[in-house]
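Below is one structure, written out as structure tokens; the observations come after it.
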Amino acid sequence: MPDFIGQVLDNRPIELLSSGAPTRSFCYIRDATALMLRVLASAAAGEPFNVGNDEAEVSMSKLAELVVSVGGKPLAPAISIRRRVSEDKDYLVDNPQRRCPDLTKSRSAFPDWSAKVGLEEGIAQIFRHFAEKRGLSSN
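Here it is as structure tokens:
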């Protein structure tokens with residue numbers, strides 16, 4: 001996602017180095033940290049728990065579209081999404097088509113925890129952060 005956001009802020013096309021079909025799940029760091037702190041403060045500290053957001057699973061193509069629509073509003077007509085094959089023959093070798101955490105144990109142990117920051121809101125917050133670091137005005 002940082003690459004996509006950087007490409008939009010640079011007014012460059014987003015480059016997908018795959019078909020765009022693989023899916024990934026995204027969790028805003030504040031939500032992940034909240035669950036990790038809950039685990040550490042519990043009697044279950046030291047046990048393995050999956051942390052993430054299984055409700056924010058999205059294809060890489062859809063993520064690219066969201067990044068353009070959320071952060072590239074003034075630039076949207078000029079920003080395109082381009083697919084190309086990586087020149088690195090080992091790029092994406094053995095890369096899973098789907099990455100999404102199984103949160104069964106986490107939800108069972110901490111039923112009142114849930115991710116609070118949605119994907120679009122998280123993208124907007126990341127855009128603001130990147131824009132501030134670059135001295136740009138945010139959308």
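Taking the working numbering, I'd label the letters of the sequence shown as residues 1 to 139.
Here a beta-carbon is modelled for each residue, glycine too, at the ideal position from N, C-alpha and C.
The structure displayed is predicted, hence computed values, not measured ones.
Buried/exposed call for residue i, threshold 16 Cβ in 10 Å
i: S106; result: buried
i: M140; result: Residue 140 lies beyond the range of the chain shown here (1 to 139); nothing can be said about it.
i: D31; result: buried
i: Q7; result: buried
Nearest-angstrom Cα separation, counted from residue j out to residue i
i: G122; j: A43; result: 31 Å
i: G46; j: V39; result: 8 Å
i: F110; j: R99; result: 22 Å
i: D112; j: A34; result: 12 Å
i: L136; j: A124; result: 14 Å
i: S69; j: P96; result: 26 Å
Nearest neighbour of residue i, chosen from the options [CA to CA]
i: F4; options: A131, R128 and V67; result: V67
i: P48; options: L119, F127 and L103; result: L103
i: G20; options: M60, E87 and G71; result: M60
i: S114; options: V51, S80 and A131; result: V51
i: R146; options: R12, D10, G6 and K62; result: For residue 146 there is no data in the structure shown, the boundaries of the chain being 1 and 139.
i: K116; options: L9, N53, P96 and A64; result: N53
i: Y28; options: A56, K133 and A131; result: A56
i: D88; options: P13, G118, L17 and Q97; result: L17
i: E65; options: A41, Q97 and L119; result: L119
i: R12; options: P22, R82 and V58; result: R82
i: P101; options: R134, H129 and V58; result: V58
i: D94; options: E15, P22 and M1; result: P22
Check: residue i C-beta below 7 Å from any heavy atom of the ligand GTP
i: N11; result: This structure lacks the ligand GTP; in fact it carries no ligand of any kind.
Presumed contact (8 Å Cβ cut-off) between residue i and residue j, rounded CB distance
i: F127; j: G71; result: 4 Å
Whole beta strand (DSSP E) runs in the stretch 35–120 with 3 or more residues, listed along the chain? 57–59 and 81–83
Residue ranges of each alpha helix (DSSP H) run of no fewer than 4 residues wholly in the stretch 2–27, ordered along the chain? 2–9
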